[in-house]
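In mature numbering (1 follows the signal peptide of the UniProt record, and there is no 0), the protein residues as written are -28 to -1, 1 to 571.
First the structure, in the form of structure tokens, and then the observations on it.
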Amino acid sequence: MKKSNFSKTLCVVICILIALLQVTDIQAAPKEKLNKTTATLEVGKTVTLKVLNTKKSISWSSKNEKIATVSGKGKVKGIKAGTTTVSAKFGKKTLSCKITVKKSNEQSSNNTSSNSEQTEGVVKTTAGLVQGTDNDGIYTYLGVPYAEATERFVPAGKVKPWNGIRMANTYGPMSPQGAILGMPVNNDETGTDNNCQNLNIWTPGTGDGQKRPVMVWLHGGGFSTGTANNTMNDGKNLSQSGDVVVVSVNHRLNVFGHLDLSAYGEKYKYSGNVGLTDIVAALKWIQDNIEAFGGDPGNVTVFGQSGGGAKVLSLMTSPYAKGLFQKGIVESGATETMGVTFSTKEESKTLTGHILENLGITADNIEKLQKVSTSDLQAASTKALQDTANTYKIPAAFTDDYAMEWGPVIDGDYMPTNPVTKDGFADAGKDIPLLIGSNLNEWTTFVPTSAHTNMTEEERNAFAQAYPNEDASGAENVDTFIRLPMLKIMSHKTDQGGAPVYAYVFTWQGAMGGSSHGAEIPFVFDNVSGDADTLKLAKTVSQAWINFARNGIPGADGLPDWKPYTREQGATMLLDTQSELVYNHDAELMHLLEPDYIY
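The following block contains the structure:
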């Protein structure tokens, strides 16, 4: 059989497409619209908003007039640095524009300020002062550096201190990442850089003596692509509704985060897991600084979706992350699938050898890797990944091809083992409570080869018994690709007899057709709009995540008592407009669809 690169990129392509499609507006856009949905202006400057396609009388208002005012004709004036919302109401409709007010060039230059009298939103970190923006009562800090990578493939060092006040009102760079099928993964205006060790913070208060739960978001995209800089995981609403501090983290990915050069000198000892060392550095920074942002360094929850969930599991495995967080949440982050390869030392050594050969680099001139262009390095990596997959016959996710993706290296040190093996869950994660689950459909509505065509009557009956509230015509789109590995993770974790495991399946059927991969993210962050049932579900899901972060037990108004998962009872919360707690609800269905899978 001819092996191709198609399957290798399929998972990542779909992740990107889903991310692009996961818009927060679930309802159709109104015919009338604003000429701008976002606007940025300096203090003292103005911008004019207009409602297009209407002749109705319009009433204008600003949510926070301390930041920006608006006249009866839609002229917005910046008052002070911050973010607010200006709304236009006409008839029964309301349209909104996000207004960001920045300091004038006279007030700010080179992203720093020496005005010691300005204290509102200013927080002292171990490297210097940072100035956030007031976003309707939530202080937002973007692009805050937590470490500094001066070289490739080695752990980042401490941030060089700065003088004055550093403005934290724009995103920092994300990790370099290539194109998928010729399309840029991300055209983010902040660009990419090996020195991408920065994070974003949303907090209800700073310097107020409060110790709020801290929720640290790890983005998806496997260990190859992705960024913390997008609106899908904007933490403002989550922070506001739960009185929690939300943090999202950028870190090194792909060849920049997981090229194993340990055979070429002590400085490269952790190169195969340097992306994880970035995340650990971020968690250490949180320990040292988050209290100044109103957070509790002793109550940190790491949570992530897809590849982000796999990162959570990796942290639960590494002894270097021990004590830096207290709870974990894994959303659709199976480590056996998802286009993530946890490499053995032998596999990583072979992969590195192919890359060096493709670049014409030897052990004698290994330092040339520091100067190779990003495009050349990624091109060499793409070919090397496929060659290594062919050598070790690493199966692709959805086809009969072979494929290898970037991921942690099981080096016996930083990553002692795979998070889940046939012998059980990693020992380092025994005492960490875990909230874990997946979505009813995941990939099936996007990848036809993952659907269960030609289902037998027995299989369809098992689906109807497992999900009596779902449309029987959707039976063939039930997910097993992620659901089964998740069952293995939660079963092995609870077998340890340590901290509890709480399980869920997100079954909400949205406008995109099914509860697809990533569909739960805007609900977790409470970043949806729609009918009353949709809004209520977002409040329920986000509150359950918040309560788990606060006290280790998920729950929310309207939810049944959420029992811990055990292998014997399989307590699982079905999250939908009508949520319910079920027990081993799909055991028969999973066995019928995948009889050879053992968990």
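Glycine included, each C-beta is placed from N, C-alpha and C at the ideal position.
* Asked: Taking Cβ to Cβ, would you say E237 is nearer than 9 Å to I338?
  -> The amino acid at residue 237 is misidentified as Glu; the sequence shows Gly. Yes, the Cβ-Cβ distance between G237 and I338 is below 9 Å.
* Write down every uninterrupted run of the beta strand (DSSP E) in the region 378 to 433 whose length is 3 residues or greater and which is fully enclosed by it, in chain order. => 406 to 411, all fully within the region 378 to 433.
* So what's D165 in DSSP terms, helix, strand or just coil? -> DSSP, reduced to helix, strand and coil, places D165 outside both helices and strands of the structure shown, so it counts as coil.
* Could you tell me the distance, in whole angstroms, from the CA atom of L(-8) to the CA atom of W480? => Unreliable positioning characterises L(-8) in this predicted model, as indicated by a pLDDT of 41, which lies under 50. A coordinate reading is not provided.
* To do: Report the residue from N172, G181, Y143 and V15 whose alpha carbon sits nearest the alpha carbon of G163.
  => Restricting attention to N172, G181, Y143 and V15, the CA atom closest to the CA of G163 is found in Y143.
* To do: Taking only beta-carbon positions, decide if K460 is within less than 9 Å of chain C.
  => The chain inventory of the structure shown lacks chain C, comprising one protein chain alone.
* Asked: Since L67 sits in a beta bridge, which residues does DSSP pair it with?
  -> Residue pairing of L67 in beta bridges, as defined by DSSP: A60.
* **Beta-carbon spacing of Y474, Y537 below 9 Å** => Yes.
* **Assigned exposure category for P148 - 16 Cβ within 10 Å defines buried** => Buried.
* Hey, Q12 and K74 are a contact pair by Cβ (cut 8 Å); roughly how many whole angstroms apart? -> The identity of residue 12 in the sequence shown is Thr, whereas the question assumes Gln. In this structure T12 touches K74 by the C-beta definition: roughly 6 Å separates them, less than 8 Å.
* Quick one: measure Cβ to Cβ for A140 and Q103, integer angstroms, because I've assumed they're closer than 8 Å. => Contact flag correct, Cβ pair sits at about 6 Å.
* T416 versus Q468, A352, A491 and S463, residue with shortest Cα-Cα distance -> For the residues Q468, A352, A491 and S463, the minimum Cα distance to T416 belongs to A491.
* Would you mind stating whether D383 and S286 have Cβ atoms separated by less than 9 Å? => Taking C-beta atoms as the reference points, D383 and S286 fail to come closer than 9 Å.
* Which value, in whole angstroms, describes the spacing of the CA atoms of Q169 and P145? -> Roughly 8 Å separates the two Cα atoms.
* To do: Assign I570 to one of two classes, buried (16 or more other C-beta atoms within 10 Å of its C-beta) or exposed (fewer than that).
  => A residue is called buried once 16 or more other Cβ atoms fall within 10 Å of its Cβ, and I570, having fewer, is exposed.
* Which residues in the same chain have their Cβ closer than 6 Å to the Cβ of Q468, if we skip the five residues on either side of it in sequence? -> Closer than 6 Å at Cβ, skipping near neighbours: F397 and K402.
* Distance between D260 and I(-3) (C-alpha atoms, nearest Å) -> Note on I(-3): pLDDT 37, under 50, position unreliable in the model; the coordinate value appears next. Straight-line Cα distance between these residues: approximately 40 Å.
* To do: Look up T203 in the DSSP assignment and give the residues it is bridged to.
  => Beta-bridge pairing links T203 to no other residue.
* Under 6 Å Cβ to Cβ from K28, same chain only, skipping five residues before and after it: list those, please. => Excluding positions up to five away in sequence, the list reads F62 and G63.
* **For F478, the residue or residues it bridges with in DSSP** => N411 and L547.
* Check whether the region 514 to 524 touches the region 204 to 218, counting contact only when three or more Cβ pairs, one atom from each stretch, lie closer than 8 Å. => These segments touch.
* To do: Using DSSP bridges, identify the partner residues of T324.
  => Looking at the DSSP assignment, T324 forms no beta bridge with any residue, so it has no partner.
* **Coarse secondary structure for R184, derived from DSSP in three states** => The three-state reading of DSSP puts R184 in strand, counting E and B together.
* **For V284, the first and last residue of its enclosing beta strand (DSSP E)** => In the DSSP assignment, V284 falls outside any beta strand (DSSP E) and within the unbroken alpha helix (DSSP H) covering G279 to T289.
* Determine the burial state of residue 572: buried for a count of at least 16 other Cβ atoms within 10 Å of its Cβ, exposed for fewer. => In this structure the chain extends from -28 to 571, so residue 572 is not present and cannot be described.
* Using the Cα positions of I71 and D206, report the straight-line distance between them to the nearest angstrom. => In this structure, the straight-line span from the alpha carbon of I71 to that of D206 is close to 16 Å.
* Short Cβ contact (9 Å threshold) for G496 with F297 -> First, the amino acid is wrong: residue 496 is Val here, not Gly. Not closer than 9 Å, so no.
* Where do the ends of the alpha helix (DSSP H) carrying K508 lie? -> Residues A504 to N523.
* Buried or exposed by the 16-neighbour rule on C-beta atoms within 10 Å, applied to L24 -> By the 16-neighbour rule on beta-carbons within 10 angstroms, L24 is exposed.
* Residues in its own chain within less than 8 Å of K35 by CB, not counting five upstream and five downstream? -> Closer than 8 Å at the Cβ level, and outside the excluded window around K35, lie T56, T57, V58, S59 and D108.
* To do: Note down the Cα distance separating N87 from G54, rounded to an integer number of angstroms.
  => Residue placement at N87 cannot be trusted, given a pLDDT of 40 that sits under 50; the coordinates are not used to answer.
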